[in-house]
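Participant: First to last, the sequence lines map onto chains F and V. Under numbering that gives the first Met the number 0, the residue at position 223 of the first sequence is numbered 222, and the numbers go up by one with no gaps. Under numbering that gives the first Met the number 0, the residue at position 187 of the second sequence is numbered 186, and the numbers go up by one with no gaps. For glycine and all other residues, C-beta sits at the position ideal for the given N, C-alpha and C. Have a look at the structure that comes next, please.
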Amino acid sequence: MKRVWILVTIFALVASFTVMAAKFSIYDWWTAGGEKQAITAEINYFHQLYPNIEIAQNPVAGGAGANMHAVIKSLIFAGLPPTTFQVHAGWEMYEYTKAKLLDPITDLWQSEGWTKVFPKEIEELCSYDGKFYAVPMDVHRANMLWYNISIFKKLGLKVPKTFEGLISVMKKIKAAGYIPLAVGDRYQWPAAMVFEEGLLAIAGPKTYDEFFEGKVNYSNPSVKKALEDFRDIMENYVNENHASLTWDQACGLVANGKAAMTIMGDWANGYFMGLGLKANVDYGAVAVPGSQGVYNLVIDAFPVPKGLSKIEKEYAYDWLKTIASVKGQAIFNQIKGSIPARIDVPTTGFNTVQVNNMKELKTDILVSSAVHGSEAPAPFVTAWENALTVVQYHPSMSLEQAVNYLNAVNAQYLTPQNLSH
Amino acid sequence: MNKKSLSTLGFILPSIVIVGIFVYAFIAWTVGVSFTNWNTLLPDWSFAGFHNYMSLFSNNLRFRMDLINNFTFLPFFVLGTMVLGFFLATLLNTGVKFESFFRTVFLLPMSISLVVSGTIWVWLYDPTNGAIDMLLKAIKLPTINWLGSTSFALPAIIIATIWQYTGFTTSIYLAGLRGIPQEIIEAAKLDGAHGFRLYWNIIIPMVQSSTVTAFVLMVQLSLQMFDIIWVMTSGGPAFATDMPAVYMFIASFKQNFVAQGAAIAVIIFLLTLAVVVPYLFTAGKITEEEL
Numbered sequence: 000m001k002r003v004w005i006l007v008t009i010f011a012l013v014a015s016f017t018v019m020a021a022k023f024s025i026y027d028w029w030t031a032g033g034e035k036q037a038i039t040a041e042i043n044y045f046h047q048l049y050p051n052i053e054i055a056q057n058p059v060a061g062g063a064g065a066n067m068h069a070v071i072k073s074l075i076f077a078g079l080p081p082t083t084f085q086v087h088a089g090w091e092m093y094e095y096t097k098a099k100l101l102d103p104i105t106d107l108w109q110s111e112g113w114t115k116v117f118p119k120e121i122e123e124l125c126s127y128d129g130k131f132y133a134v135p136m137d138v139h140r141a142n143m144l145w146y147n148i149s150i151f152k153k154l155g156l157k158v159p160k161t162f163e164g165l166i167s168v169m170k171k172i173k174a175a176g177y178i179p180l181a182v183g184d185r186y187q188w189p190a191a192m193v194f195e196e197g198l199l200a201i202a203g204p205k206t207y208d209e210f211f212e213g214k215v216n217y218s219n220p221s222v223k224k225a226l227e228d229f230r231d232i233m234e235n236y237v238n239e240n241h242a243s244l245t246w247d248q249a250c251g252l253v254a255n256g257k258a259a260m261t262i263m264g265d266w267a268n269g270y271f272m273g274l275g276l277k278a279n280v281d282y283g284a285v286a287v288p289g290s291q292g293v294y295n296l297v298i299d300a301f302p303v304p305k306g307l308s309k310i311e312k313e314y315a316y317d318w319l320k321t322i323a324s325v326k327g328q329a330i331f332n333q334i335k336g337s338i339p340a341r342i343d344v345p346t347t348g349f350n351t352v353q354v355n356n357m358k359e360l361k362t363d364i365l366v367s368s369a370v371h372g373s374e375a376p377a378p379f380v381t382a383w384e385n386a387l388t389v390v391q392y393h394p395s396m397s398l399e400q401a402v403n404y405l406n407a408v409n410a411q412y413l414t415p416q417n418l419s420h
Numbered sequence: 000m001n002k003k004s005l006s007t008l009g010f011i012l013p014s015i016v017i018v019g020i021f022v023y024a025f026i027a028w029t030v031g032v033s034f035t036n037w038n039t040l041l042p043d044w045s046f047a048g049f050h051n052y053m054s055l056f057s058n059n060l061r062f063r064m065d066l067i068n069n070f071t072f073l074p075f076f077v078l079g080t081m082v083l084g085f086f087l088a089t090l091l092n093t094g095v096k097f098e099s100f101f102r103t104v105f106l107l108p109m110s111i112s113l114v115v116s117g118t119i120w121v122w123l124y125d126p127t128n129g130a131i132d133m134l135l136k137a138i139k140l141p142t143i144n145w146l147g148s149t150s151f152a153l154p155a156i157i158i159a160t161i162w163q164y165t166g167f168t169t170s171i172y173l174a175g176l177r178g179i180p181q182e183i184i185e186a187a188k189l190d191g192a193h194g195f196r197l198y199w200n201i202i203i204p205m206v207q208s209s210t211v212t213a214f215v216l217m218v219q220l221s222l223q224m225f226d227i228i229w230v231m232t233s234g235g236p237a238f239a240t241d242m243p244a245v246y247m248f249i250a251s252f253k254q255n256f257v258a259q260g261a262a263i264a265v266i267i268f269l270l271t272l273a274v275v276v277p278y279l280f281t282a283g284k285i286t287e288e289e290l
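Written out as structure tokens, the structure reads:
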């Protein structure tokens, strides 16, 4: 009798482990207003389609995945990969594919016919060495300027067309007693975005790409100008408490009428919508002045890590099919503020900012964001962002000194060896 | 080996095994990794000699600033927590009314997670809406952009960490003060020792073991300071509050410089050892003397 009980216990233990293992566990960094609602809606939709799959959602706070990737890497090293996780297509994903930590999903791309519905550039960012490794859930645009319409009306200002014009508008706003540009760089990346989008606007997409390929550095006149403007903006035109705030708190300053503008990706759109504000009524959005006609891509994608069991892999595929479907892309992006990566999703249910971006995605020159890990490798991005804070917080450093210091950082990290993939 | 020592061994063996694996084996592993070329996501076990250490000390602005910051932070933090802790413990020891209430109040910050207290301090230090600057404004003093300035961010963090850990030193000193026999104090008073002299000649020497314990713990804590810095400034602005432990995390997990991160970990470990090992010897001596 005793032996039977021991057997039953062992069986129950083994069974419970199998049940525990067969869970759909997903990691993301969507915790701020707007983005949290969007992922919840998508997960609810997934649950409707597959009611029997048990879902464990693990959000790790810290925008731009600052903290989540540390968690994912330690899980993968420990041999406990999650079923799937959020990753930016491009370099951030190459880091995992280079280390052979992801399973190729070319079969899924082909059987679902996805090669026909996603733009070529996005396809490339999701593939590595001729194989597909991830499915895009959305397309974000990094080079966007958000402004408070009532402040602009009150001061009789027009949205500028050039970066030069943007700075002169900032001067007027400052004179009127408002914060010209809200920034929340407690985690450094939002300040780095001010430089990145300025670089794109001033130097143009070609030099922008060359800069991150290590072919051009800060000695280039237009890059130097972008650096000068970045230091000028951060010293004179941003909120005093920028180092204490996060990106969404900075957007909050625009929403409550304390600040006139902010430079942020279109996840800000989701944040404003989440507050119940209306696009083109309460807040306006344009491409960062000077970068019209260029779409700076940030693509949230989901891969399939190596080492999953058969059933987990099935769950991962179910999730990928859900997020790549027309309905799945519509549900998520309408709330998130971004636009679908599929080009065949109808525009109904999207706000004016999104409809405009959906149109421009088809016609604009596409580049990708370095701050968000698509354009350049992670070791560089971290060092580059940190180096920018050094020149930002030391106004006594001359422009020449800043250029020399930053050039040395670029030369150290943007080597052909580091850039091969 | 007799039966008694066998059973003793049986009791301590599990913890020896666990500590052996999860502490000492991993220390050895980290030391091993720090001598490899593992500076990508994927392990690379080829031998690199002292390269990871040399690169930290030769031309690494960030690591140099980390050491400067850490050794600026250390004396303020250690002295601050110890002096305040001794002062509060002395007050508590005078037999104040509602002593247990005050003891709880002083100890409470200790029980809050560093992430929570870090977030609260970020709010307090906010230059536009924070309580501290509002207070400064109210009494017509110039406000300070605490976390947004390279000169005030480190003092701001020192204040926050002293607030968090003073309760800890208070309780160490309180235990020490309670351990002083009342007769000695009475005798000293009869001999004419009062006020400062009583403290300087009798009480402070009598709580020496508390002082050593508090000192070692506080030094060790300040060499490993991470959580509260990560939450409040994540090492910024412009490395003004960056410390080796923060850099270790960034290097290992954001930049995938695993071997370099391991080298930083080993340096932190050696610095800590330099404080803890002498303590282990003196602690042993003190107990023997007391016995």
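So which of 110/F, 83/F, 112/F, 107/F has the shortest CA-CA distance to residue 101/F?
Facilitator: That would be 83/F, whose Cα lies nearest to the Cα of residue 101/F.
Participant: Return no unless some Cβ of chain V is closer than 8 Å to the Cβ of residue 240/F.
Facilitator: Output row for residue 240/F: interface = yes.
Participant: Taking the straight line between their C-alpha atoms, what separation do you get for residue 174/V and residue 278/V?
Facilitator: Cα to Cα, residue 174/V sits roughly 19 Å from residue 278/V.
Participant: With DSSP run on the structure shown, which of helix, strand or coil describes residue 254/V?
Facilitator: Correct three-state label for residue 254/V: coil.
Participant: Candidates 35/F, 76/F, 45/F: which alpha carbon is nearest residue 40/V's?
Facilitator: Comparing Cα-Cα distances from residue 40/V to each of 35/F, 76/F, 45/F, the minimum goes to 76/F.
Participant: Does the distance from the CB of residue 297/F to the CB of residue 141/F come in under 8 Å?
Facilitator: It is a contact, given that the beta carbons lie within the stated cut-off.
Participant: State the DSSP-derived secondary structure class of residue 130/F, mapped to helix, strand or coil.
Facilitator: Here residue 130/F sits in strand by DSSP.
Participant: Could you check what DSSP says for residue 293/F in three-state terms: helix, strand or coil?
Facilitator: Correct three-state label for residue 293/F: strand.
Participant: Check each residue of the segment 26-42 of chain F: if its Cβ is closer than 9 Å to any Cβ of chain V, include it; give the result in chain order.
Facilitator: Of all residues in the segment 26-42 of chain F, none has a Cβ within less than 9 Å of some Cβ in chain V.
Participant: Does residue 236/F come within less than 8 Å of chain V when only Cβ atoms are used?
Facilitator: By this cut-off, residue 236/F is not an interface position.
Participant: Nearest-angstrom Cα distance between residue 223/V and residue 271/V?
Facilitator: When rounded, the distance between both Cα atoms is 8 Å.
Participant: Below 8 Å, how does it come out for the segment 23-33 of chain F and the segment 48-58 of chain F: are there three or more Cβ pairs, yes or no?
Facilitator: Yes, since at least three Cβ pairs between the segment 23-33 of chain F and the segment 48-58 of chain F fall closer than 8 Å, the two stretches touch.
Participant: Would you mind stating whether residue 151/F and residue 197/F have Cβ atoms separated by less than 8 Å?
Facilitator: No, Cβ-Cβ distance for residue 151/F and residue 197/F is not below 8 Å.
Participant: Give me the chain V residues within the contact set of residue 381/F, using Cβ-Cβ distance strictly less than 8 Å, ordered along the chain.
Facilitator: By Cβ distance, chain V contributes 249, 253, 254.
Participant: With which residues is residue 145/F paired in a DSSP beta bridge?
Facilitator: 261/F, 284/F.
Participant: Is residue 200/F near residue 138/F, with beta carbons less than 8 Å apart?
Facilitator: No.
Participant: Among 262/V, 225/V, 276/V, which one has its Cα closest to the Cα of residue 49/V?
Facilitator: Taking only the C-alpha atoms, the option nearest residue 49/V is 262/V.
Participant: Give the DSSP-derived three-state secondary structure of residue 83/F in the structure shown.
Facilitator: The answer is strand: DSSP assigns residue 83/F an E or B state.
Participant: Between the segment 85-105 of chain F and the segment 129-137 of chain F, are three or more C-beta pairs nearer than 8 Å?
Facilitator: Output reads yes: the segment 129-137 of chain F touches the segment 85-105 of chain F.
Participant: Looking only at its own chain, which residues have a Cβ that is under 6 Å from the Cβ of residue 145/V, when we skip the five neighbours before and after it?
Facilitator: Cβ neighbours of residue 145/V beyond the five flanking positions: 124, 151, 155.
Participant: How long is the line joining the alpha carbons of residue 276/V and residue 70/V, rounded to whole angstroms?
Facilitator: Their Cα atoms are separated by approximately 19 Å.
Participant: With DSSP as the reference, label residue 378/F as helix, strand or coil.
Facilitator: Helix at residue 378/F.
Participant: Please name the residue in 420/F, 218/F, 45/F, 145/F whose C-alpha comes closest to that of residue 252/F.
Facilitator: It is 145/F.
Participant: Per DSSP, which one or two residues make a beta bridge with residue 301/F?
Facilitator: Its beta-bridge partners are 134/F.
Participant: Buried or exposed for residue 269/V, please, with buried defined as at least 16 other CB atoms from any protein chain shown within 10 angstroms of its CB.
Facilitator: Exposed, since its Cβ has fewer than 16 Cβ neighbours within 10 Å.
Participant: Compile a chain-ordered list of the residues in the segment 84-104 of chain F whose CB is closer than 8 Å to at least one CB of chain V.
Facilitator: Within the segment 84-104 of chain F, the qualifying residues are 94, 95, 97, 98, 99, 100.
Participant: The segment 233-246 of chain V: which residues have C-beta closer than 9 Å to a C-beta of chain B, in chain order?
Facilitator: No chain B is part of this structure, whose protein chains are labelled F and V.
Participant: With 7 Å as the limit, tell me which residues of the segment 147-165 of chain V have their beta carbon closer than that to any beta carbon of chain F; keep them in chain order.
Facilitator: From the segment 147-165 of chain V, only 147, 149 have a Cβ closer than 7 Å to chain F.
Participant: Using the three-state DSSP reduction, which class does residue 17/F fall into: helix, strand or coil?
Facilitator: Confidence at residue 17/F is low in this model, with a pLDDT of 47, below 50, so its placement is unreliable and no value can be given for it.
Participant: Using CA atoms only, rank isn't needed, just tell me which of 396/F, 248/F, 415/F is closest to residue 226/F.
Facilitator: The residue with the shortest Cα to Cα distance from residue 226/F is 396/F.
Participant: Tell me the rounded alpha-carbon separation between residue 19/V and residue 281/V.
Facilitator: Each residue's Cα considered, the two are about 24 Å apart.
Participant: Below 6 Å CB to CB, which residues in the same chain sit around residue 283/F once its five sequence neighbours on both sides are set aside?
Facilitator: 146, 148, listed in sequence order.
Participant: Please go through the same chain and pick out, in chain order, the residues whose beta-carbon is closer than 8 Å to the beta-carbon of residue 413/F, but skip the five residues on each side of it.
Facilitator: Only 211, 212, 213, 375, 379 meet the Cβ criterion.
Participant: Please compile the residues from chain V whose C-beta is within a distance smaller than 7 Å of the C-beta of residue 392/F.
Facilitator: Neighbours of residue 392/F on chain V, chain order: 149, 236, 237.
Participant: Using the C-alpha atoms, what's the distance from residue 270/F back to residue 31/F?
Facilitator: Residue 31/F and residue 270/F: Cα-Cα distance of roughly 8 Å.
Participant: Taking CB distances under 8 Å as the criterion, tell me whether residue 141/V reaches chain F.
Facilitator: Chain F, which has no Cβ nearer than 8 Å to the Cβ of residue 141/V, makes this no.
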